[in-house]
Structure formats: structure tokens, C-alpha cells
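Quick note: UniProt numbering has the sequence shown finishing at residue 315, numbered continuously throughout. For each residue, glycine too, the CB sits at the ideal point set by N, CA and C. Keep in mind the model is a prediction, meaning the values are calculated, not measured.
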Amino acid sequence: MAGLEGNPFADPFQQTNNSTPTNTVPQQPSGYGGTAQSMPVRPAQATVPISEEELFRQQEELRRREQELIRRQQDLDNRARQQQRAGNGQRPPHNWPPLPKIIPLEPCFYQDIDVEIPAQFQETVRLVYYVYLIYVLALSSNVMGALFYFLFAGGGFGLMFLSIIQLILFTPCAFLLWFRPVYKAFRDDSSFNFMMFFLVLFFHTIFCLVQMLGLSYAVGWTNTIEAFKDHWFIGLIMLVPTFAFTIAFAGMCLSLFKVHSFYRGNGTGFSINKARQEFSNGVMSDRNVQNAANQAARAAAAHAVNEMVNSGGRY
Numbered sequence: 001m002a003g004l005e006g007n008p009f010a011d012p013f014q015q016t017n018n019s020t021p022t023n024t025v026p027q028q029p030s031g032y033g034g035t036a037q038s039m040p041v042r043p044a045q046a047t048v049p050i051s052e053e054e055l056f057r058q059q060e061e062l063r064r065r066e067q068e069l070i071r072r073q074q075d076l077d078n079r080a081r082q083q084q085r086a087g088n089g090q091r092p093p094h095n096w097p098p099l100p101k102i103i104p105l106e107p108c109f110y111q112d113i114d115v116e117i118p119a120q121f122q123e124t125v126r127l128v129y130y131v132y133l134i135y136v137l138a139l140s141s142n143v144m145g146a147l148f149y150f151l152f153a154g155g156g157f158g159l160m161f162l163s164i165i166q167l168i169l170f171t172p173c174a175f176l177l178w179f180r181p182v183y184k185a186f187r188d189d190s191s192f193n194f195m196m197f198f199l200v201l202f203f204h205t206i207f208c209l210v211q212m213l214g215l216s217y218a219v220g221w222t223n224t225i226e227a228f229k230d231h232w233f234i235g236l237i238m239l240v241p242t243f244a245f246t247i248a249f250a251g252m253c254l255s256l257f258k259v260h261s262f263y264r265g266n267g268t269g270f271s272i273n274k275a276r277q278e279f280s281n282g283v284m285s286d287r288n289v290q291n292a293a294n295q296a297a298r299a300a301a302a303h304a305v306n307e308m309v310n311s312g313g314r315y
């Protein structure tokens with residue numbers, strides 16, 4: 001037996017050097033996270049460097065969001081300002097056209113794109129406004145070009161006379177018949193004003209094409225090329241209205257397409273019934289229109305009664 005192989009007379013409390021110490025620490029099974037068990041150390045994850053293109057894209061995205069928030073804030077401020085003015089019964093003073101103080105006339109309209117037009121439509125309305133200003137510049141330079149063409153290049157007097165008529169006639173008509181309607185259309189979301197804008201500007205674009213070509217008593221490309229044959233200096237002067245009419249024609253086409261894309265993207269579509277309803281609610285319900293209609297009806301009835309009395313009751 002193993003226990004009888006030792007010295008029975010030896011000191012039982014004396015430990016020999018070759019005795020193996022017992023391990024009192026219990027072994028913990030793997031998976032319980034004991035302190036005696038060392039955990040494997042994972043290598044630190046390396047950071048991925050951001051390229052300049054990615055950083056620039058993120059900055060552009062942040063800038064775009066910031067501009068969008070600014071637009072929304074401006075839109076809310078404008079609406080709050082309009083509601084406050086409407087609640088107080090105050091109307092802003094007219095500021096268009098901007099006339100100098102030496103002229104004893106007052107502006108006829110109030111116009112402020114930053115205040116009255118929603119932020120998402122301001123760029124489009126400004127585009128149409130700049131097209132109108134370019135067209136007015138074309139009409140003004142057309143008068144000068146026609147004058148030089150008449151005095152020094154043998155142009156007709158009718159060309160100069162009709163250029164003056166066009167400047168006087170089309171400057172206010174273009175503002176009232178297609179710019180002001182698109183301004184009110186985006187301001188009030190009005191189908192009637194959209195319909196008026198599309199209809200008038202479509203035909204005016206065709207007429208501007210005729211003016212650009214020089215076929216309707218305008219300087220245009222035809223007369224400019226003719227003037228270059230003998231008077232190159234006069235031809236250079238006539239190039240100014242010709243280029244202006246060309247830019248105005250391109251701007252009118254762009255305005256039609258851009259406004260149409262915004263209007264179709266609104267989800268409501270082009271509705272003649274809605275425009276007719278707005279016309280009935282807006283124009284026919286106006287007090288001045290109703291008073292004029294009542295006065296006309298009374299005058300017609302009084303005229304019929306007088307005719308019957310004068311004729312002795314015979315029809």
C-alpha cells in the first residue's frame with residue numbers, strides 16, 4: 001500500500017521540499033469571466049481617413065440644410081408679418097415702380113418678393129421679373145437703334161415711329177398682363193392668374209420672336225444684317241437691341257417651362273373650373289362690380305319704362 005511506504009517515526013508536521021502544494025483556487029469554467037482567467041486582448045480598430053471629396057460633400061449637405069432652414073424661417077416670418085398686417089388693417093405702402101422724387105407721381109403697386117412670395121418660389125419669380133426688365137431694355141434700345149438706322153443708314157421712318165409706340169404700349173402691358181399675374185399666382189396660389197400668365201406670355205413670346213427677327217417694325221436680325229453691309233458702325237449699335245430681344249425671347253421660353261413645371265408639380269394640375277370659380281368669387285363678388293351691374297340694370301329698366309310711357313303703353 002502507498003501509505004506504508006513512508007517512515008512511521010518521522011515528524012508529521014515537517015514538510016519535505018519535494019512535496020507538491022495543493023491548488024486551493026477552484027477552476028472556473030470558461031465563459032464566466034473569472035479574474036484568474038486572462039481575457040484575449042483585441043487589437044485597436046484603425047480609423048478610416050475621410051477623403052477631401054467626402055468631406056466637401058458633407059459640408060455641402062450641411063450648407064444645403066442650413067439654407068433650407070433659413071428659407072423656412074423666412075417663409076414663417078413673412079406669413080406672420082402678413083397676418084399681423086391683415087389683423088391690424090394696415091397695408092404696406094406702394095413701392096413699384098420706383099420713381100424718383102422729382103417726378104410728381106406715386107408708385108402704383110406694392111411688390112416685395114422676399115416678403116410676399118414663399119421661399120421655394122422666389123427664384124422663379126425673380127427670373128420672370130428679370131426677363132421683364134430685359135424686355136423693357138430691348139424696347140428702349142430698339143428706339144435708339146431705329147433712330148440711328150433712320151438717320152444714318154436709310155431706314156424707314158415707320159420703323160422708328162412704331163418702336164416708340166411699342167415702348168409706350170408694351171412696357172406697362174407686359175407688367176400688368178403676365179408678370180403681375182405670375183406674381184399673384186405664386187403669392188395666392190391662384191389658378192386664374194396662372195391661366196392668364198400662360199395665355200398672355202405664350203402669345204407675347206411669339207411676338208418677341210417676330211421682333212427678334214426684325215419682321216414687325218423692330219430692329220432685329222434682318223435689319224441689323226442689312227445695316228452691316230454699308231454702315232458697320234450703325235450695325236454695331238443695332239446689335240444691342242437685337243441681342244436684347246434674343247435674350248428676352250430665350251428668357252420667356254425658360255419662364256414658361258419653369259413656371260409650368262412648378263405648377264404641374266404642385267399636384268393640383270391646370271384647372272379651368274378652379275380658375276372660373278376664382279374669377280366668380282373674386283371679380284363678380286367685388287362690391288364695385290356689383291354696384292356697376294346694379295346701376296346698369298337700373299338704367300336699362302328706367303330706359304324701358306320711359307320708352308313704354310312715351311309710346312303710350314304700346315310695344
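Asked: Does Y132 pass the burial test, meaning 16 or more other C-beta atoms within 10 Å, or should it be called exposed?; Found: buried
Asked: May I have the straight-line CA-CA distance separating F233 from L177, to the nearest angstrom?; Found: 37 Å
Asked: For V136, which residues in the same chain have their Cβ closer than 6 Å to its Cβ, ignoring the five residues on either side in sequence?; Found: T171
Asked: Three or more C-beta pairs under 8 Å: does that hold for the stretch 98-111 against the stretch 212-230?; Found: no
Asked: Are F121 and F243 close, meaning C-beta to C-beta below 8 Å?; Found: no
Asked: Determine whether the beta carbon atoms of V182 and V115 lie at a separation below 8 Å.; Found: no
Asked: How many Å lie between N142 and F161 at the Cα?; Found: 11 Å
Asked: Please report how far the alpha carbon of F249 lies from the alpha carbon of L236, in whole angstroms.; Found: 20 Å
Asked: In angstroms, rounded to a whole number, what distance separates the CA positions of R63 and F228?; Found: 51 Å
Asked: Exposed or buried, F245, counting other C-beta atoms within 10 Å across all chains shown (16 or more means buried)?; Found: buried
Asked: So, using beta-carbon positions, are L127 and F202 closer together than 8 Å?; Found: no
Asked: From which residue to which residue does the alpha helix (DSSP H) around F121 run?; Found: Where F121 is concerned, there is no enclosing alpha helix (DSSP H), given that its DSSP letter is neither H nor E.
Asked: Can you name the start and end residues of the alpha helix (DSSP H) that residue 316 belongs to?; Found: Nothing in the structure corresponds to residue 316, since the chain is present only between 1 and 315.
Asked: Roughly how many angstroms lie between the CA atoms of T222 and F152, to the nearest whole one?; Found: 17 Å
Asked: Determine which residues share a DSSP beta bridge with W96 and list them.; Found: F109
Asked: Can you list, in chain order, the residues of its chain whose CB lies under 8 Å from that of H94, leaving out five sequence neighbours each side?; Found: E106, P107, C108, F109, Y110
Asked: At the level of alpha carbons, what is the spacing between Y129 and R180?; Found: 9 Å
Asked: DSSP on S51, reduced to helix/strand/coil?; Found: coil
Asked: Taking all protein chains shown into account, decide if P254 is buried (16 or more other Cβ within 10 angstroms of its Cβ) or exposed.; Found: Checking the displayed sequence, the identity of residue 254 turns out to be Leu instead of Pro. L254 should be labelled exposed.
Asked: How should P241 be labelled, buried or exposed, when 16 other C-beta atoms within 10 angstroms of its C-beta is the threshold for buried?; Found: buried
Asked: So, for E68: in the same chain, excluding its five sequence neighbours on each side, which residues have a beta-carbon less than 8 Å away from its beta-carbon?; Found: none
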